[in-house]
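As numbered in my numbering, residues 396 to 473 make up the sequence shown, in order.
In this text, a Cβ means the ideal position worked out from N, Cα and C, and glycines have one as well.
Since the model is a prediction, treat every value here as computed from it, not as a measurement.
Note sheet for the following structure.
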Amino acid sequence: MSRDTAPRKRSVRISGHETSITLEEPFWDALRDIAQEQGISVNRLMSNIDKDRDSNLSSALRVYVLQHLQMKLAQQTF
Numbered sequence: 396m397s398r399d400t401a402p403r404k405r406s407v408r409i410s411g412h413e414t415s416i417t418l419e420e421p422f423w424d425a426l427r428d429i430a431q432e433q434g435i436s437v438n439r440l441m442s443n444i445d446k447d448r449d450s451n452l453s454s455a456l457r458v459y460v461l462q463h464l465q466m467k468l469a470q471q472t473f
């Protein structure tokens, strides 16, 4: 597995609580980009996702990124 896709653990504060999340680097990059698009911090974005999740947090974050990118792709005109 390359360095870019190896899981990476980070400590984050979500809704006032410290937790560790393990995600592959491309997902961390995508969450940062999405948060920047929305004008919020990555921690705020993760808190918002955490409120609506029905699976473990790492999975919910990956699914959110995928759905966000699918939505952006669908909005593009070719």
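Residue burial annotation: Leu418 is buried, with at least 16 other C-beta atoms found within 10 angstroms of its C-beta.
Non-local C-beta neighbours of Arg427 in its own chain, meaning closer than 7 Å and more than five positions away in sequence, comprise Val437, ordered along the chain. As the crow flies, the alpha-carbon of Phe422 is around 12 Å from that of Arg405. Apart from the 5 residues on each side of it in sequence, Val460 sits with its Cβ closer than 6 Å to the Cβ of Phe422, Ala425 in its chain, given in chain order. When C-alpha distances from Ile416 are compared across Lys467, Ala455, Gln462, the shortest belongs to Ala455. In the three-state reduction of the DSSP assignment, Ile435 falls in the coil class, being assigned neither a helical nor a strand state. Residue environment: Met466 is assigned as exposed (fewer than 16 neighbouring CB atoms within 10 Å of its CB, all protein chains considered). Here the alpha carbons of Arg457 and Thr400 stand approximately 13 Å from one another.
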